[in-house]
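Each residue of the sequence shown is one higher than the last, beginning at 7 in the working numbering.
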Amino acid sequence: MNERQHTKEKHVWSGRDWLLLGINALIFVVMFVVFNDDLPAEVGTHFNGQGEQDGAMSKSFFWLFNGIVTVALPAVLSFLRAIDPRRQNYKFFNDYYYLTRWAVSLFLQVILLVVIFVNLDYNVPTLHLVLGGLGLLWIVIGNRMGQLRSNFFFGIKTPWALTDEHNWKLTHRLSARLWFIAGIVMFASAWIIPSDWILPVLIICVLISALVPFVYSYMLYTRRGKA
Numbered sequence: 007m008n009e010r011q012h013t014k015e016k017h018v019w020s021g022r023d024w025l026l027l028g029i030n031a032l033i034f035v036v037m038f039v040v041f042n043d044d045l046p047a048e049v050g051t052h053f054n055g056q057g058e059q060d061g062a063m064s065k066s067f068f069w070l071f072n073g074i075v076t077v078a079l080p081a082v083l084s085f086l087r088a089i090d091p092r093r094q095n096y097k098f099f100n101d102y103y104y105l106t107r108w109a110v111s112l113f114l115q116v117i118l119l120v121v122i123f124v125n126l127d128y129n130v131p132t133l134h135l136v137l138g139g140l141g142l143l144w145i146v147i148g149n150r151m152g153q154l155r156s157n158f159f160f161g162i163k164t165p166w167a168l169t170d171e172h173n174w175k176l177t178h179r180l181s182a183r184l185w186f187i188a189g190i191v192m193f194a195s196a197w198i199i200p201s202d203w204i205l206p207v208l209i210i211c212v213l214i215s216a217l218v219p220f221v222y223s224y225m226l227y228t229r230r231g232k233a
């Protein structure tokens, strides 16, 4: 095996990826063993803007679906590096990429646990917990987003940033600040605002996190074109 092949294989899957997969699977199995018998045949899985249940699925499909989302999805993210045309850039932010997959995994596991508690008739502030969890996730992602190098799967992938390294760097520096601030706002708001305000705060924070970097990236592109 030559050095190039060895590097590629190491890049696709590592011991840390096995650890992430194993712990996610263990958490999921523990929740299944502990709660499966107590859950109803139809499990509520969808909630409206007031936190009221308005959708359900069979218990078997509930476990299957969440097994795929909470266990398989983080594992799939590990393989995306292998098919990214710019996979050589991942070595510059591999620790951050790993941290983000952990953060996403834990968030999904917590949301699954919240849904289970709701179906077991515990008095759970669903919307507040979701907003607070998303706030923490935004903080973790935004805190080090400026470290990202150009790639096709992770980050703010505007067409102008993907074709201009300088545009990519400036866009992600701004995005890092916006995501971090939006995360703080969501996390703090989760514990101090009424339930009716949760959804508007969430939508505003997500839109700002997504749209402002997009517009900024385009502005950088037009300025560079004029120069």
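Every residue gets a Cβ at the ideal spot worked out from N, C-alpha and C, and that includes glycine. None of these values were measured; they are calculated from a predicted model.
Let me make sure I understand the geometry here. Which of the options has the alpha-carbon closest to that of residue i?
i	options	result
Met-225	Asp-170, Gln-59, Leu-86	Asp-170
Phe-99	Phe-220, Ile-204, Gly-161, Leu-208	Gly-161
Phe-71	Glu-58, Thr-51, Val-82, Ala-81	Thr-51
Cys-211	Leu-180, Arg-92, Leu-137	Leu-137
Ala-62	Val-49, Gly-73, Pro-165	Val-49
Asp-23	Leu-105, Trp-174, Asn-95, Gln-94	Leu-105
Pro-200	Lys-175, Tyr-103, Arg-93, His-134	His-134
Phe-38	Phe-123, His-172, Leu-176	Phe-123
Val-36	Lys-163, Leu-118, Ile-214, Val-146	Leu-118
Val-146	Gln-94, Gly-21, Ala-188	Ala-188
Ser-20	Asp-60, Ser-64, Asp-101	Asp-101
Gly-139	Met-192, Asp-60, Asp-44	Met-192
Assign residue i to one of two classes, buried (16 or more other C-beta atoms within 10 Å of its C-beta) or exposed (fewer than that).
i	result
Trp-69	buried
Asn-42	exposed
Gly-28	exposed
Tyr-128	exposed
Val-221	exposed
Ser-66	exposed
Ser-223	buried
Have a look at residue i and residue j and give me their C-alpha separation to the nearest angstrom.
i	j	result
Phe-186	Trp-197	18 Å
Phe-53	Leu-205	12 Å
Arg-179	Leu-126	43 Å
Val-218	Arg-183	11 Å
Val-40	Val-110	23 Å
Ala-31	Ala-216	31 Å
Glu-58	Trp-203	15 Å
Phe-34	Ile-190	29 Å
Val-207	Ala-47	34 Å
Val-130	Val-120	7 Å
Thr-228	Trp-174	14 Å
Leu-26	Gly-231	44 Å
Tyr-96	Leu-168	15 Å
Arg-155	Ile-214	22 Å
Ile-209	Leu-176	24 Å
Glu-9	Lys-163	Unreliable positioning characterises Glu-9 in this predicted model, as indicated by a pLDDT of 43, which lies under 50. The coordinate reading is nonetheless provided below. When rounded, the distance between both Cα atoms is 30 Å.
Considering only their Cβ atoms, is the gap separating residue j from residue i smaller than 9 Å?
i	j	result
Pro-91	Phe-158	yes
Arg-107	Leu-143	no
Ser-195	Gly-141	yes
Strictly under 9 Å for the Cβ-Cβ distance: is residue i near chain C by that measure?
i	result
Trp-108	Protein chains in the displayed structure number just one, and chain C is not present.
I want to know whether the segment 142 to 151 touches the segment 79 to 91 - three or more CB-CB distances under 8 Å. no
Using 8 Å as the threshold, is the segment 74 to 82 in touch with the segment 112 to 126, meaning 3 or more CB pairs across them? yes
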